[in-house]
Structures are given as structure tokens and as C-alpha cells.
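Asker:
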Amino acid sequence: MQLNSNKSKRGRVMTKSLLYKSSIQWFGVSTAFVILSFCTPLYASSKCVECHVKGKNGPDVRLIDLKFLKNSVHRALECIDCHEGAGVEPHTSEKALPVNCGRCHVKYNEEYKKSIHGQAQAKGIKDAPSCSDCHGTHGIRAASDPLSSVNRENITQLCLKCHIDSDITAQYNLPGINFFKSYQESAHYKIKGTTLQPAAVCSDCHGSHTILPADDPFSFVNRKNIPSDCGKCHSIEKKRYSMSIHWKAFEKGIKDAPVCTDCHGEHTILDVQNPNSQINPVKIPYTCARCHESLKLSEAYRIPPKRLSTYFNTYHGIAIRFGDTTVANCASCHGYHEILPASDPRSPINPANLVKTCSRCHPGANENFAKGRVHVDVSPKGEKGVFAVRVFYIIFISVLCAGFLFHVIADILRQRRESREGRRS
Amino acid sequence: MKKIGTIENGRVLRFSLHMRIQHIVLMVSLIALAVTGFALKYNDSVLGRFLLTIEGGMTFRGMIHRFFAVILVLDIIYHLWYTVFTDEGHRELMLLKPSRKDVTEFFAVMRYTLTGRGSKPEFDKYTYREKIQYWGVVVGVSIMVITGFLLWFETASMTVMPKWIFDITGIVHGAEGIILFIILFLWHAYNVHIGGKQFFNTSFISGWEDLDYLKKERPLEYKRYTGGGEGV
Numbered sequence: 001m002q003l004n005s006n007k008s009k010r011g012r013v014m015t016k017s018l019l020y021k022s023s024i025q026w027f028g029v030s031t032a033f034v035i036l037s038f039c040t041p042l043y044a045s046s047k048c049v050e051c052h053v054k055g056k057n058g059p060d061v062r063l064i065d066l067k068f069l070k071n072s073v074h075r076a077l078e079c080i081d082c083h084e085g086a087g088v089e090p091h092t093s094e095k096a097l098p099v100n101c102g103r104c105h106v107k108y109n110e111e112y113k114k115s116i117h118g119q120a121q122a123k124g125i126k127d128a129p130s131c132s133d134c135h136g137t138h139g140i141r142a143a144s145d146p147l148s149s150v151n152r153e154n155i156t157q158l159c160l161k162c163h164i165d166s167d168i169t170a171q172y173n174l175p176g177i178n179f180f181k182s183y184q185e186s187a188h189y190k191i192k193g194t195t196l197q198p199a200a201v202c203s204d205c206h207g208s209h210t211i212l213p214a215d216d217p218f219s220f221v222n223r224k225n226i227p228s229d230c231g232k233c234h235s236i237e238k239k240r241y242s243m244s245i246h247w248k249a250f251e252k253g254i255k256d257a258p259v260c261t262d263c264h265g266e267h268t269i270l271d272v273q274n275p276n277s278q279i280n281p282v283k284i285p286y287t288c289a290r291c292h293e294s295l296k297l298s299e300a301y302r303i304p305p306k307r308l309s310t311y312f313n314t315y316h317g318i319a320i321r322f323g324d325t326t327v328a329n330c331a332s333c334h335g336y337h338e339i340l341p342a343s344d345p346r347s348p349i350n351p352a353n354l355v356k357t358c359s360r361c362h363p364g365a366n367e368n369f370a371k372g373r374v375h376v377d378v379s380p381k382g383e384k385g386v387f388a389v390r391v392f393y394i395i396f397i398s399v400l401c402a403g404f405l406f407h408v409i410a411d412i413l414r415q416r417r418e419s420r421e422g423r424r425s
Numbered sequence: 426m427k428k429i430g431t432i433e434n435g436r437v438l439r440f441s442l443h444m445r446i447q448h449i450v451l452m453v454s455l456i457a458l459a460v461t462g463f464a465l466k467y468n469d470s471v472l473g474r475f476l477l478t479i480e481g482g483m484t485f486r487g488m489i490h491r492f493f494a495v496i497l498v499l500d501i502i503y504h505l506w507y508t509v510f511t512d513e514g515h516r517e518l519m520l521l522k523p524s525r526k527d528v529t530e531f532f533a534v535m536r537y538t539l540t541g542r543g544s545k546p547e548f549d550k551y552t553y554r555e556k557i558q559y560w561g562v563v564v565g566v567s568i569m570v571i572t573g574f575l576l577w578f579e580t581a582s583m584t585v586m587p588k589w590i591f592d593i594t595g596i597v598h599g600a601e602g603i604i605l606f607i608i609l610f611l612w613h614a615y616n617v618h619i620g621g622k623q624f625f626n627t628s629f630i631s632g633w634e635d636l637d638y639l640k641k642e643r644p645l646e647y648k649r650y651t652g653g654g655e656g657v
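Note that the protein sequences, when read in sequence, are chains A and B. Quick note: this note's numbering has the first sequence finishing at residue 425, numbered continuously throughout. Quick note: this note's numbering has the second sequence finishing at residue 657, numbered continuously throughout.
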């Protein structure tokens, strides 16, 4: 009644009293929980213990080790809470064994049913994991418990149990074993967070109960969802990438436009400092070239072709191929996450920004420095003047060589003739 | 210092110490520049990659190249001083002046070489062969030095030059390198060390040459040294 009368009063008072009421509730629940935890646990007082722990009814009865239950998060539950069928006579294993976790865990159960694992289970594929395959049975622990099979520490091993099993991957047409193993070489696995656990584990990217294959549009790792998936941790990078022409193109429905994984790799993601990383300064030209040297893509989307070959003709391109990382690579001029076309005023290669971009490495660069074409295509279709100089030198050197060789050969023949004549006379 | 034309023990001094120092410094620096330059130019090939490896990678290769570029420039300054401000150098330069005689000599040699008719012309110290290599190297090295400095100080040069000149500069520097290499290895090395008196003529180190050989191959020069007379 007190509460009702408060309702008509000012909201602040109402909130206060509500808070007061809920605190009492919480106090009650938590006290009960603590008392329950310290008192003789329910599982031990259960009727089931007589047969299933103490083995009173002979060896045909399945025995349960209480040790596991004691440490379980479910230690406050009765056997019958999970094994609903056990209370119904006759007391058969067919009835007693099935456990419906969804009775309590409604949300997770719904998610699981939609996942690829749930769908496969529904189809009767016994190899697909059910709740207990990942979480365990009697010894079930909270995910935050380091001893839990689904703890971040252990989840990799848990997923790999099936995903590096060659029989399973072959039977269900799953990605190759090395694809999964390569994760263990990645920065996500090797770089440890504050808890000394891998920076990102399977479930961080793929989700846990909601897991779906990458080609499913609802999958976390579907290409259209990749930026938001990676953005869960790499929020600044995601924000910058969202500005880029790559993402703008992808949003327009151009599926060839790159998302995070196209440049960084998937399981094999490596730190930029790692020489094997696709985004290492030495490797970046090849990574960009997968699209920007492709005739097919440059014609399809009207983007400039031959970006790699014209870069490799320059000193920048030659030096980087031999491991000199001080020279400019693609990203040095074009940026990386927020890549924009030259026409965009925010782009580092926009004519208005070029002086600033060049002078990052060439201090003293001025307006004139930044003028002119950088990706020089020396061909009759590209830079005609430069091409003409090259052709002139090819001809000039050839003629010079021919002239010298002619003179040398004629001289050798003369000497032979002279020595013949000298011998005769 | 012994003068050019000094005769001792049937041999004559053709190249003074000045000339020999200039020549050796030029030789060493041009070989080093060629080896480090071709490593960059032919980086696509097995040869280029091999050269790059033995030169300690891209960065160190560049340092070697620029070091010898400085040596070459110092040698050029020495040579300019020698030809302009010393009597000896000036005389030698005048002997290298191209003239109509070179054209007639060239055709006479060609006629004699190809048909066997006529006779070899009476050569002076520098024939058209030496003049081609000297002036070839002068033009080539001048272009190399100019383009080389433009490429070395790329920021400075690009602040004043259009980009297309810079692109051409790179091509010219590489092509002139090949031309110099051809002049020196296909022309100069054959004429001096293979098609000449003997394999590896050591005259460029000692400066001395046999009078008998000189009498046969360079009669005019021989006469100048011996005062026109026979047998000294």
C-alpha cells in the first residue's frame, strides 16, 4: 500500500522505494544462495544418491561421481530438475537420461536451435554438438571459471576437437584442418590479453550459441557482417574503414570490394610487424594487387589498372621488393582503413593534400614536387614521351652494339689473315 | 716525374703518373658504379639478385654507389684541372681533338680490314678508336653525373623539375650506364687488351710501351718521340 501511495508522488521518491524493495529481494535471494551453498547440498540429500552414488541396487545402475557435481554451477539443483523423466515410473534410462537445458536457458536454447550446430542436430546428425558436448554434463561450470571447457582459455581446444578431426571435416564438407590450425599461429591466439588469455578466441568472432557458417547472411563472419564483427574490439579501425571507398562500394552491393578479412586474412591474421603478415609493408603491394592489378576487376568497376606493375617500376617498388621498408608502399600514400579515391577531398592523394602526403617522407616537397603522374605506365598508351626515350635508347644501344661488334669481328678476321700471310711470306 | 716520351731500355713512357692515377681511379669507380647500378637496373634477373646479395642489400648497395659517385666526381675535377691547367694535359687533350683525318683513317682501316687492299694508315697516339672511347666516356659520364645527382637529391630536383623529366632521368641514367659499359668492355677492352699487342696490356699501370710495337702500330707517335729519326 505504501508503494501505491508513493506512485502518485514525485518520481524520485517512487524510484527510491522501488530500489529499496528490489534490494531486499536481492538480499533475500543471495542470502538463500549462500546458505544453500554452505549447507549440505541438495544433490547429496537426494533419493537418487542411494542407487546412483552408493550403488545400492547392484551394478546395472549407472554410477555418478559426486565430485563433479560438487563443483558444478548446478550444485544447488535436484537431479530431477534436469532429469525430468526420472520422476516418472517406470524409471528407465530412455526416460531419465534426456535433459532439456532449454527449460531454464530459454534464450540460449532458441539461439542454439537457429545455429548450424542446432540445425544439424535437428536433422539427426549425431556428430553435431549438443549443449553437453561443449558445456559438459554433471561437472558443468560457468564460462568464467578457468576450468570450464567453454572458458576462453579452453574454448579453442574444445572447437578444434571436432574441427581438426579429418573424418568429421571430410564427412560434413567443413573447411580444411589447416585452416583451423593456422589460427594458433595468428596474433589473435599468440597475443595474450591482461588475463593471459588469447586476445580473441573462436567464439569472439564466430559467436557461441548463434554460430553459423560464413555463407549464411546472419552469420557473424558473413562478409557483410565482418566489419561489425571485427569492430567489436577494433572499433576505431571499423569507424575509419566505414568511411572508405571499399565499404561504400560493398554497401552498394559490390561483393568484390574488400572487407577486413580480405586484406588481413581470417584465421591467419598476423601482426603488421610480422614479415609473413599480408599487411606487412613488404607484403602490402601484393595484397592490394590482388584486386588492383586484376584486369577483370579494373574493367568491371572502372578502377585504374596496373597499379602494382607501375609501382614496381619505381624506386619505391624495387626497394621494397628487397626488403627496404623505409620506402613508400601503397598504404603510405593511399592510407589504409579509410582509403578514398583521389577525387575525395579527405583522401591523402587528393591534389590538395598531396604536398602534405609526399612531405611525410620527402621533407621540403612543394607544389611542383606533387605534380605529375606517380603510377607511370611506360607504354604507347601511357606516358608517350617517356616511352619514346626508352625506345630511342633501345635502338641506339642496339646500333652501337652492332657497330662495335662489326668492327671487332672485322678486326679479328684481319689479324687472322695477316698472320696467315705472315706465315706464307 | 718522368715526362711523356722518355725513352729507357727500348721502351717509351706513353702515360704519365697523372694519367695513370686518373685512369685507375676512373676504372675502379666506373666498375663499382656499374656493378652496383646493374644490381638495381636488373633486379628482376638472377644476375641482379646475385649482385644485390653480395652488395649487402638495397640500402647498402645505394651507399656504395654514391660513395663511388663521389670518387668519380673528384676524379673528374682532377681531370679538368689536368687538361686545363697543365701543359702536358693540355697537349694530350689537343691530341684527342676530333679531326677530318679520323674519318679518312676510319675508311682506310675499313677498306684494309675488309678487302685486304691498301695499307694501314700512319696512326698518331690517339686514333679514331681512342677518340671514340674518350669522347664517348666524356659524354656518357657527364650525363651520368648530371642525371645521377638529380636522382640522388630527388626531393630537391623534383621541387623544380616536372615529374616526366624525373621519369626520363631515371631511364637515361640506366641506358647511359649500359652505353658506357658497352664502350668500355666491347670497345676499349677489346682494342687494348684482346685485339692489341698482348692479352692484358699492362701499359696502363706502368705507363711504358715497347718502342718496336709503337713503331709498327703508332708510327707518327713514334716519330715524335724519337725526333723523326730511326733507331734510338
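Note that beta-carbon positions come from the ideal geometry of N, C-alpha and C, so glycine has one too.
1) Go ahead and pull the three-state DSSP assignment for A/Val-378.
2) Should B/Asp-635 be counted as a contact of the ligand PLP given a C-beta to heavy atom distance under 8 Å?
3) Mind listing which residues of the stretch 277–292 of chain A have their C-beta closer than 7 Å to chain B's C-betas, in chain order?
4) Below 9 Å between beta carbons: does that hold for B/Tyr-650 and B/Gly-430?
5) Looking at chain A, is there any beta carbon in it that lies within less than 9 Å of the beta carbon of B/Lys-641?
6) By the criterion of Cβ-Cβ separation under 7 Å, what are the contact partners of B/Leu-465 in chain A?
7) Please list, in chain order, the residues of the stretch 132–152 of chain A that have any C-beta partner in chain B closer than 9 Å.
8) A/Ser-144: buried (16+ other C-beta within 10 angstroms of its C-beta) or exposed?
9) Give me the subset of the stretch 385–402 of chain A whose CB atoms are less than 7 Å from a CB atom of chain B, sorted by chain position.
10) Per DSSP, which residues does A/Pro-198 bridge with? Please list them.
11) I'd like to know if the stretch 458–476 of chain B and the stretch 316–325 of chain A are in contact, where contact means that at least 3 CB-CB pairs between them fall below 8 Å.
12) With 9 Å as the threshold, decide whether the Cβ of A/Gly-118 is near any Cβ in chain B.
13) Kindly list the residues whose CB is nearer than 6 Å to the CB of A/Cys-39, restricted to its own chain and excluding five residues on each side of it in sequence; keep chain order.
14) Tell me, which residues are paired with B/Arg-436 by DSSP?
15) Pick from B/Val-498, B/Glu-480, B/Thr-552: whose alpha carbon is nearest that of B/Pro-523?
16) Does any C-beta atom of chain B lie closer than 9 Å to the C-beta of A/His-435?
17) Could you check whether A/Ala-365 and B/Met-583 sit closer than 9 Å to each other, using their CB atoms as the reference points?
18) Between A/Gln-197 and A/Glu-153, is the Cβ-Cβ spacing less than 9 Å?
19) Classify A/Tyr-311 as helix, strand or coil using the three-state DSSP reduction.
20) Please determine if the stretch 298–317 of chain A and the stretch 217–227 of chain A are in contact, where contact requires at least 3 C-beta pairs separated by less than 8 Å.
21) For a test of the three-state rule: what should DSSP assign to A/Val-88, helix, strand or coil?
22) Can A/Ser-343 and A/Thr-268 be called in contact, C-beta distance under 9 Å?
23) Spatial neighbours of A/Ala-142 within its chain, please: C-beta separation below 7 Å, excluding the five flanking residues on both sides.
24) A/Ile-164 touches chain B at which residues, Cβ-Cβ below 8 Å?
25) With distances taken between CB atoms, is the gap from B/Arg-436 to B/Glu-634 smaller than 9 Å?
26) Kindly indicate which three-state DSSP category A/Val-150 falls into: helix, strand or coil?
27) Give the interface partners of B/Val-585 over in chain A, defined as CB-CB distance under 7 Å, in chain order.
28) Less than 8 Å between the CB atoms is what I'm expecting for B/Trp-589 and B/Arg-491, so what's the real figure, rounded?
29) Could one say the Cβ of B/Trp-612 lies closer than 9 Å to chain A's Cβ atoms, at least one of them?
30) Runs of 4 residues minimum, wholly inside the stretch 444–531 of chain B: which ones carry the alpha helix (DSSP H) assignment?
31) Pick out whichever of B/Val-563, B/Leu-605, B/Lys-641 has its Cα sitting closest to the Cα of B/Arg-550.
32) Does the beta-carbon distance from A/His-209 to A/Tyr-108 come in below 9 Å?
33) To be precise: take each residue of the stretch 320–333 of chain A, compare its Cβ to all Cβ atoms of chain B, and keep it if any distance is under 9 Å. Which residues remain?
34) Just checking my contact of A/Gly-136 with A/Asn-71 at CB under 8 Å: how many whole Å lie between their CB atoms?
35) Between B/Met-405 and chain A, is there a C-beta pair that is closer than 9 Å?
36) Would you report the Cα separation of A/Asn-222 and A/Phe-179, rounded to the nearest angstrom?
Answerer: In terms of the structure at hand:
1) For A/Val-378, the secondary structure class from DSSP, reduced to helix, strand or coil, is coil.
2) Summarising the ligand content, the structure contains no ligands, and the ligand PLP is consequently not present.
3) For the stretch 277–292 of chain A, no residue has a beta-carbon sitting nearer than 7 Å to a beta-carbon of chain B.
4) The answer is yes: Cβ separation under 9 Å.
5) In terms of beta-carbon proximity, B/Lys-641 stays away from the interface with chain A, with every pair separated by 9 Å or more.
6) What B/Leu-465 touches in chain A: Ile-318.
7) Here the close residues number zero.
8) Of the other Cβ atoms in all chains shown, fewer than 16 fall within 10 Å of the Cβ of A/Ser-144; this residue is therefore exposed.
9) Flagged, chain order: Gly-385, Val-386, Val-389, Arg-390, Tyr-393, Ile-397, Leu-400, Cys-401.
10) DSSP, once it has assigned bridges, lists A/Lys-192 as partnering A/Pro-198.
11) Contact between the stretch 458–476 of chain B and the stretch 316–325 of chain A is present: three or more C-beta pairs spanning the two stretches fall below 8 Å.
12) By this cut-off, A/Gly-118 is not an interface position.
13) Interpretation of A/Cys-39 is limited by its pLDDT of 46, a score under 50 that renders its predicted location unreliable; the figure taken from the coordinates is listed afterwards. Excluding positions up to five away in sequence, the list is empty.
14) Its beta-bridge partners are B/Glu-433, B/Asp-635.
15) Of the candidates B/Val-498, B/Glu-480, B/Thr-552, B/Thr-552 places its Cα closest to the Cα of B/Pro-523.
16) The structure shown does not extend to residue 435 of chain A, since chain A is modelled only from 1 to 425, so the question has no answer here.
17) Cβ distance < 9 Å, so B/Met-583 and A/Ala-365 count as in contact.
18) It is a contact, given that the beta carbons lie within the stated cut-off.
19) Note: A/Tyr-311 maps to helix in three-state DSSP.
20) By the Cβ rule, the stretch 298–317 of chain A does not count as touching the stretch 217–227 of chain A, because fewer than three pairs are nearer than 8 Å.
21) In the three-state reduction of the DSSP assignment, A/Val-88 falls in the coil class, being assigned neither a helical nor a strand state.
22) In this structure, A/Thr-268 does not lie closer than 9 Å to A/Ser-343 by Cβ.
23) Correct list, in chain order: Val-73, Ser-148.
24) At a beta-carbon threshold of 8 Å, none of the residues of chain B lie near A/Ile-164; the nearest stands roughly 39 Å away.
25) A contact, by the Cβ cut-off of 9 Å.
26) It is coil, neither helix nor strand.
27) Listed along chain A are Asn-368, each with a C-beta nearer than 7 Å to that of B/Val-585.
28) No, B/Trp-589 and B/Arg-491 are not in contact; Cβ-Cβ is about 25 Å, not under 8 Å.
29) With 9 Å as the cut-off, B/Trp-612 counts as an interface residue toward chain A.
30) Runs found: 471–479, 482–510, 512–520.
31) The sequence given here has Lys at residue 550 of chain B, not Arg. For the residues B/Val-563, B/Leu-605, B/Lys-641, the minimum Cα distance to B/Lys-550 belongs to B/Lys-641.
32) Note that the C-beta distance between A/His-209 and A/Tyr-108 is below 9 Å.
33) For the stretch 320–333 of chain A, the residues whose beta carbon sits under 9 Å from a beta carbon of chain B are, in order, Ile-320, Arg-321, Phe-322, Gly-323, Asp-324, Thr-326, Val-327.
34) Separation of the CB atoms of A/Gly-136 and A/Asn-71 is rounded to 11 Å, and the pair is thereby denied contact status at 8 Å.
35) It is not possible to answer for residue 405 of chain B, since the shown part of chain B is limited to 426 through 657.
36) Rounded to whole angstroms, A/Asn-222 to A/Phe-179 spans 17 Å at the Cα level.
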